[in-house]
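Residue numbers (the working numbering), protein chains in the order written: chain A, 419 to 677; chain B, 11 to 337.
Below, the structure is given as structure tokens:
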């Protein structure tokens, strides 16, 4: 059975076309969400189908997830990103018992049972600190490319202390540190530490057990990855294409529901 | 005379004095202008990071021209004390009522005696009102039972009638007639099916559509913790003083935990929604609750009156999926 998962996030829309029987992704697409979640979902699915070399009628079951899931037309089910990330991470790593997803504006931590179902979860609430948006704003303040931020942080000898986790206040703090001629790499390292500490506030409410999988776009930032391993005191696995875990989980759940 | 109250107090004393109790929380939160009432308080100088309930009650007192207010100065919220003090220039009579942290019997009695004195009420008359209210409180307890045991009363209906027991909407007879009507109607209903049974703990929500949203998600609210405490149902057979000693809300968290744990087991709750109000000290209790309870707990934070935000709905939907997956 060929299934599709469409994850329309705050910053990016992702789609995965899956051969459900073998568990092998056939096509994928990642693109900016833009102003229309409906259009983004449609375009992302079209991109994944093209990548798979398939036509739309090949899809036998589909699930939309992400904040824009309600806007995506023509899908069979809509499921929250909590369930989809849990399923996707467990599919990639059946030993996973904790999943942390750091997305564009969401941060979530999910505890899984042995069968990959969510036991408990926590999400950030009313604050974008610790998310991709936070890093995006900070990279702009430091005048570096978002992709460079992780390696820049890794090159620092120490991390600058940032007292605020609020995106707005942290940005003005970064500007103040730059005015004091603090090393940019140290500020970048401080930002990664801030994200790790913020994530810890979420995971402290849960029973975090290994294996721990980190996904979402922020997982690509090596500085955050390392800072989180230090903060949590355990090894964290980042799967290949961590931004696609939610869409993959959606495609798997589509197959499971279609039975 | 209308007597405003900022939290549940021995309402029997107000009724025994021939006055009309008005729970300011209830008239604020159901007001179509609830959000404006909060903004009005902010325009008067209230800070952004003060509780919206406090701001709403401040404006409600002024809007409804309420001249006598019983303010719970201990056991509810210290912001209420500051709130009533900001009304010092408005010729409003302020009667403090303080629940002692250790629920000391003599101190609770002294607080009730002072309230009787302040309102020119009478202990024996208050006891007579308690006797009058006992069958009504029993009917509310029956509605609760029909919610969790039989599933014929919705979580919202149960919430609505329980939360109204702080003042019986100011008219005991009319309120009882409404309760009788609902009981009669609910007896003929078929129980609904649902995805999971949840408990609602913490202060009543400032959101207007929380219960409706939970019902749409297939979550049956089979326990309203604090609202049930307002009904005094757990102390139905007790004397008046003991009734307000058994009331868990204004004292320490530990009696609340015992109540929540007992009811979670009795009512076979699969998850708990812990509602917390922005800028409220009770948010800290979330940590203790999670440690004590053996089921998933979702903390839901509300700030201003109105509907749930998109993020709140997402978190509730994910919680429903999690509970369903655990079945």
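In this text, a Cβ means the ideal position worked out from N, Cα and C, and glycines have one as well.
Quick caveat, the model's predicted, so the values are computed rather than measured.
**Message:** Can you find the residues in the same chain that come closer than 6 Å, C-beta to C-beta, to residue 676/A, ignoring five residues on each side of it along the sequence?
**Reply:** Here residue 676/A refers to the residue found at position 258 of the first chain. The residues are 479.
**Request:** Ignoring anything shorter than 4 residues or poking outside the stretch 250-328 of chain B, list the alpha helix (DSSP H) runs there in chain order.
**Result:** 250-256, 263-276 and 295-302
**Item:** Own chain partners of residue 156/B with C-beta closer than 7 Å, once the 5 adjacent residues on each side are dropped
**Value:** Counted from its first residue, the second chain places residue 156/B at position 146. Correct list, in chain order: 162, 163 and 196.
**Asked** Going by beta carbon distance, what residues of the same chain come within less than 7 Å of residue 522/A, once the five residues before and after it are set aside?
**Response** The residue given as residue 522/A occupies position 104 in the first chain. 427, 428, 429, 430, 549, 550, 551 and 635.
**Request:** May I ask you to list, following chain order, the residues of the stretch 616-648 of chain A that have a beta carbon less than 7 Å from some beta carbon of chain C?
**Result:** As a matter of chain content, chain C is missing from the structure shown, whose protein chains are A and B.
**Message:** Is it buried or exposed, residue 134/B, if we count other Cβ atoms within 10 angstroms and call 16 or more buried?
**Reply:** Position 124 of the second chain, counted from the start, is the residue given in the question as residue 134/B. It counts as exposed.
**Message:** One question on the structure: do residue 227/B and residue 147/B come within less than 8 Å of each other, judged by their Cβ atoms?
**Reply:** Working through the second chain from its first residue, we reach residue 227/B at position 217. Working through the second chain from its first residue, we reach residue 147/B at position 137. No; because the gap between Cβ atoms is not below 8 Å, this pair is not in contact.
**Message:** By the three-class DSSP mapping on this structure, what secondary structure does residue 217/B have?
**Reply:** Residue mapping note: residue 217/B aligns to position 207 of the second chain, counting from 1. Residue 217/B: strand per DSSP, three-state reduction.
**residue 480/A - DSSP class collapsed to helix/strand/coil** = In the first chain, residue 480/A corresponds to position 62, counting from 1. In the structure shown, residue 480/A sits in a strand (DSSP, three-state: E or B).
**Asked** Where does residue 491/A land, buried or exposed, given buried means 16+ other C-beta within 10 angstroms?
**Response** As a working note, residue 491/A is residue 73 in the first chain. Per the 10 Å Cβ criterion, exposed.
**Request:** Can you tell me which of the three DSSP states residue 18/B falls into?
**Result:** Position 8 of the second chain, counted from the start, is the residue given in the question as residue 18/B. Residue 18/B falls in the coil class under three-state DSSP.
**Request:** Compare the C-beta of residue 331/B against all C-beta atoms of chain A and say whether one is closer than 8 Å.
**Result:** As a position in the second chain, residue 331/B is number 321, starting the count at 1. So yes, residue 331/B belongs to the interface.
**Prompt:** With respect to the beta strand (DSSP E) encompassing residue 76/B, which residues constitute its N-terminal and C-terminal limits?
**Reply:** Locating residue 76/B in the second chain gives position 66, where the first residue counts as 1. That residue, residue 76/B, is in no beta strand (DSSP E); it is neither H nor E in DSSP.
**Asked** Are the beta-carbon atoms belonging to residue 423/A and residue 666/A less than 8 Å from one another?
**Response** What you label residue 423/A is simply residue 5 of the first chain in a count that begins at 1. What you label residue 666/A is simply residue 248 of the first chain in a count that begins at 1. Against a cut-off of 8 Å, the Cβ pair of residue 666/A and residue 423/A comes out as a contact.
**Request:** Ignore the nearest five residues each way along the sequence and tell me which others in residue 178/B's own chain have a CB closer than 6 Å to its CB.
**Result:** In the second chain, the residue the question calls residue 178/B occupies position 168. Correct list, in chain order: 185.
**Prompt:** Which whole-angstrom value is the C-beta distance of residue 413/A and residue 516/A, which I expect to be below 8 Å?
**Reply:** Only positions 419 to 677 of chain A appear in this structure, which leaves residue 413/A out of reach.
**Request:** Determine the burial state of residue 493/A: buried for a count of at least 16 other Cβ atoms within 10 Å of its Cβ, exposed for fewer.
**Result:** Residue numbering aside, residue 493/A sits at position 75 when the first chain is read from its first letter. Classification of residue 493/A: buried, given that the 10 Å Cβ count is 16 or more.
**Item:** Classification of residue 473/A by the beta-carbon crowding that lies within 10 angstroms, buried from 16 upward
**Value:** Taking the first residue of the first chain as 1, we reach residue 473/A at position 55. By the neighbour-count rule (16 or more Cβ atoms within 10 Å), residue 473/A is not buried but exposed.
**Asked** Buried or exposed: residue 264/B, going by 16 or more other Cβ atoms within 10 Å of its Cβ?
**Response** For the purposes of this step, residue 264/B is identified with residue 254 of the second chain, where counting begins at 1. The residue is exposed, with fewer than 16 neighbouring Cβ atoms inside 10 Å.
**Asked** Can we say the stretch 200-214 of chain B touches the stretch 225-242 of chain B, given the rule of at least three CB pairs closer than 8 Å?
**Response** Short answer: they touch.
**Item:** Neighbourhood of residue 30/B by C-beta, 6 Å cutoff - its chain only, sequence neighbours within 5 removed
**Value:** Within the second chain, the letter at position 20 stands for residue 30/B. So the qualifying residues of the chain are 12 and 180.
**Asked** Apart from the five residues just before and just after residue 657/A, which ones in its own chain have a Cβ nearer than 6 Å to its Cβ?
**Response** By one-based count along the first chain, residue 657/A stands at place 239. Excluding positions up to five away in sequence, the list reads 510.
**Request:** Would you give the residue range spanned by the beta strand (DSSP E) that residue 104/B belongs to?
**Result:** Along the second chain, one-based indexing puts residue 104/B at 94. Annotation: the continuous beta strand (DSSP E) that includes residue 104/B extends over 103-108.
**Message:** Can you look up residue 12/B in the DSSP assignment and give me helix, strand or coil?
**Reply:** The sequence position of residue 12/B within the second chain is 2, counting from 1. Strand.
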